[in-house]
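J.: Please find one structure pasted underneath; my questions will follow.
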Amino acid sequence: MDSHSADLIGFVGAIVILAGFAYQTLRNAAPNLLSTGLNFVGASLLALSLVVNYNLPALALELAWAAIALIGLVRIVARRR
26 MDSHSADLIG FVGAIVILAG FAYQTLRNAA PNLLSTGLNF VGASLLALSL
76 VVNYNLPALA LELAWAAIAL IGLVRIVARR R
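Below, the structure is given as structure tokens:
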């Protein structure tokens with residue numbers, strides 16, 4: 026993957042994270058499948074872009090963000106069963 030593609034993926038990831046945060050905050054809603062899923066997808070896309078445009082602190086942050094969002098997704102799905 027070239028640097029420009031990685032940047033594009035990173036920007037898409039940032040937009041997805043912001044969309045999830047805005048949805049949750051502006052609706053004053055508890056975390057749900059949509060907002061938590063957006064956080065997971067956005068953080069994963071940003072982490073992918075940071076593998077190409079390496080920045081260890083930012084990569085660590087995005088991996089942690091994705092892991093926390095994944096835990097949240099598992100909990101949300103488990104509650105629905």
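Heads up: the sequence shown begins at 26 in the numbering used here, then just goes up one per residue.
Glycine residues also receive a C-beta, built at the ideal position from the N, C-alpha and C atoms.
Skipping 5 residues on each side, what residues in its chain have a beta carbon closer than 8 Å to that of N57?
T.: Cβ within range, chain order: Q49 and I101.
J.: Using beta-carbon positions only, say whether A31 and N80 come within less than 8 Å of one another.
T.: Against a cut-off of 8 Å, the Cβ pair of N80 and A31 comes out as no contact.
J.: Unbroken alpha helix (DSSP H) runs of length 4 or more, entirely within the region 47-86: which are they?
T.: Runs found: 58-77.
J.: Using the Cα positions of L86 and R106, report the straight-line distance between them to the nearest angstrom.
T.: Distance between the alpha carbons of L86 and R106 is about 31 Å.
J.: Taking buried to mean at least 16 other C-beta atoms within 10 Å of its own C-beta, is V41 buried or exposed?
T.: Answer is buried; the Cβ neighbour count reaches 16.
J.: Let me make sure I understand the geometry here. Which of G38, F65, A54 and S69 has the alpha-carbon closest to that of L98?
T.: Answer by Cα proximity: F65.
J.: Cβ atoms of A44 and L63: under 8 Å apart, would you say?
T.: Closer than 8 Å, so yes.
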